[in-house]
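In the working numbering, the protein residues as written are 4 to 510. Beta carbons are placed, not taken as given, at the ideal position from N, Cα and C, and that holds for glycine. Each remark here refers to the structure printed beneath this line.
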Amino acid sequence: MLLFAGLLAGCSNLPARGRRPGFAGPAGYYDRQDAEQFAAELRREGYDTLVGGVSAYSTLGYFEDPVLSSFLRLGTPEVARTVFHELAHQLIFVQGDSLFNESFATAVENEGMRRWLAIRATPEQRAAFEGQLERKAAFAGLMRDYRKKFHALYGTAGPSDDQRRAKVALLDALRRDYGELKTAWGGHAGYDKFFGEDLNNAKLVSLSLYSELVPAFEALLLLEDRDLPRFYWRVATLAALDKEARRSALGTLLPVRGNVLQAGQGKPAGDAMAMKSLAAFGTIMAAVWAMGAHAADYPTESRFRQALAGVERLVRAEGMRLEVLNAQDEGLTRPLLAAGFNIDSSTCIVFFNTRPEDGLTQFFASISERDLPPLLRAMSVHEVTHCVEQREAYVRRRFDKVLPDTYQRDDMTIEGYVSVVKSGAVETWGEALADISSLLYLKKAVPGQWQDLARRISTMRHELAGKWPAHDTSAWLDRLIDANPDIGEGVNLFDAAFHYRRKFRPK
């Protein structure tokens, strides 16, 4: 169950959580009786409340979230919508900012549905969906306007009879304006239930969480030409800010009712206010990018998780699962990324570290914001490659594939392989395979940037050779870059890496 509360008058039509009315976030309960009991306590203190169930939820990747009967019965389109929404929370989630989280997930949900319907629906069904989105946007705009009016009312001093009467008058005006909107929709009654007799502050809060910032996120998506990875990177950048700066950046896209950009065009609308919004947003984002990843020296957790999510398809194509863990939670101090293969569950476990002891500060300071996402994905591929190589040894026992010629023996065993690896005798051999995979990934993913990024990686390996000599793979990488090998769509990335490791090994 979810509980929302809003103060009758005074400071807040914001939610209450726990025993802190005014805290911006719904309170979650597994037992309706507990939720109703707490709601009754809040009502006695003068708060408006709303208690309602949810059909789905996300544990943000802590568990493999269940597919519940509560939303399966809604039909296939609603199941798809719910899955898109909940998976968005696993990608980017900011603790303590429900408005940001839910609005982002709703924007992802909407875009996911557009793409899903483009494949599975008739033109009539797609048109109906777009009509639904238009009504949602218009209704959200109406509610946003009235939220401002209620905030202005509650900003006056102290609860009073006048304030209570003004609240009732505002709710009546809201109902009238909704009636006009409904008429413009040809009588569509989809929001009638919302305007039942129990319309109150808590209801306004519950709706705003899922709608208030959606136009800003959708404008941001259009700015990126509906390129979801780039959109996620922009959102991850915002997520790294404090709440006030985040809201300020997104707020610049909200002055104009509806989308700031022309739907599907990726071009600014002619409205002068829209242009002003985009200019203001650009100014703020320029400042964000200037301090972004470099302010903390190393990429943030959200950036690591985003990069690893971006290569999960490669992991699954190899018949493995991907598990991502924060190295600091496991007591690890280095390196930046590490990986290991779990034989029992065929899981590639990757650790990321936002504060590693590995001397890469200068390297990351030299990477532009444009280049950081593909670079982090390439580094993620590096770690996944270690899992692939371990699988070849532990499961398939292809020691001829994973070891240099000098270490191959007909009677090689797992124990023998492990002893060779532990001795460090083939460490550079393994790192070369992983680095080659990263470069091949860059060639496929960002063909226009790959050689520049590849040379940066090679240079970094060479410059750190004094500190980490076993990781100096620059001789392999330079030969690979000069060869500029062809790696088409049908080529398996990891098979190609095994091939080029032998082909380009130093003489």
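For residue i, three-class secondary structure by DSSP
i      : result
Asn345 : strand
Ile417 : helix
Thr476 : coil
Asp408 : helix
Thr255 : coil
Leu244 : coil
Thr303 : coil
Asp374 : coil
Leu467 : coil
Leu202 : coil
Tyr50  : strand
Lys506 : helix
Gln452 : coil
His532 : Summary: the structure shown does not reach residue 532, with the chain confined to residues 4 through 510, and so no result is reported for it.
Met4   : Reliability of the predicted coordinates at Met4 is poor, the pLDDT of 41 falling under 50, and the value obtained from them is presented with this limitation in mind. Of the three classes helix, strand and coil, the one that applies to Met4 here is coil, per DSSP.
Gln98  : coil
Glu492 : coil
Asp498 : helix
Ser15  : Model confidence at Ser15 stands at a pLDDT of 35, short of 50, so the residue's coordinates are unreliable and nothing is read from them.
Val398 : coil
Leu264 : The predicted position of Leu264 is uncertain, since its pLDDT is 34 and thus under 50; no value can be drawn from it.
Asp230 : coil
Pro24  : Confidence at Pro24 is low in this model, with a pLDDT of 34, below 50, so the placement of that residue should be treated as unreliable; the coordinate-derived value is given next. Note: Pro24 maps to strand in three-state DSSP.
Ala457 : helix
Closest residue to residue i among the options (Cα-Cα distance)
i      : options                        : result
Glu215 : Ala169, Arg308, Thr109         : Thr109
Thr462 : Leu102, Arg482, His389         : Arg482
Phe96  : Ala330, Ala435, Glu304         : Glu304
Asp195 : Tyr181, Val208, Asn203         : Tyr181
His474 : Gly199, Gly334, Gly433, Arg401 : Gly433
Pro232 : Arg117, Arg306, Asp201         : Arg306
Ala368 : Asn329, Tyr301, Glu392         : Tyr301
Arg308 : Phe41, Ala91, Gln36            : Ala91
Ile370 : Glu81, Asp347, Gln452          : Gln452
Ala435 : Leu226, Ile460, Pro126, Leu225 : Ile460
Phe142 : Ala187, Gln128, Ala310, Arg358 : Ala187
Val86  : Asn487, Glu114, Glu315, Ser101 : Glu114
Gln393 : Val494, Asp228, Tyr420, Ser383 : Tyr420
Arg358 : Val208, Ile346, Ala330         : Ala330
Asp347 : Asp485, Phe402, Gly322, Leu145 : Gly322
Ala486 : Trp471, Arg508, Asp498         : Arg508
Arg118 : Arg84, Met146, Leu145, Ser422  : Arg84
Asn495 : Asp403, Trp471, Val391         : Val391
Asp201 : Ile490, Asn345, Asp51, Glu372  : Asp51
Trp471 : Leu311, Arg129, Pro338         : Pro338
Asp414 : Arg400, Pro407, Gly158, Gly427 : Arg400
Phe501 : His385, Pro376, Arg237, Arg458 : His385
Residues that DSSP places opposite residue i in a beta bridge
i      : result
Cys351 : Leu325, Phe344
Limits of the alpha helix (DSSP H) - the one that residue i falls within
i      : result
His92  : 79-94
Ile439 : 430-448
Glu133 : 126-157
Gln40  : 35-47
Gln365 : 364-368
Asp180 : 164-187
Pro338 : No alpha helix (DSSP H) holds Pro338; DSSP gives it neither H nor E.
Ile122 : 101-123
Glu360 : Glu360 -> no alpha helix (DSSP H), and no H or E assigned at all.
Val217 : 217-226
Ala320 : 315-320
Whole-number beta carbon distance between residue j and residue i, since they are thought to touch under 8 angstroms
i      : j      : result
Ala437 : Arg380 : With 8 angstroms as the limit, Ala437 and Arg380 do not qualify as a contact, their Cβ atoms being about 14 angstroms apart.
Tyr213 : Ser106 : 7 angstroms
Thr350 : Arg324 : 4 angstroms
Arg464 : Leu442 : So it is not a contact: roughly 11 angstroms between Cβ atoms.
Lys206 : Phe197 : 7 angstroms
Val429 : Tyr410 : 6 angstroms
Lys152 : Leu173 : 6 angstroms
Leu456 : Gly362 : Actually they do not touch by this definition, with Cβ atoms about 19 angstroms apart.
Thr525 : Thr431 : This structure gives no information on residue 525, because the portion of the chain shown stretches from 4 to 510.
Leu340 : Met382 : 6 angstroms
Leu241 : Leu253 : 7 angstroms
Any chain C beta carbon closer than 8 angstroms to residue i
i     : result
Thr85 : Here chain C cannot be found, since the structure has a single protein chain.
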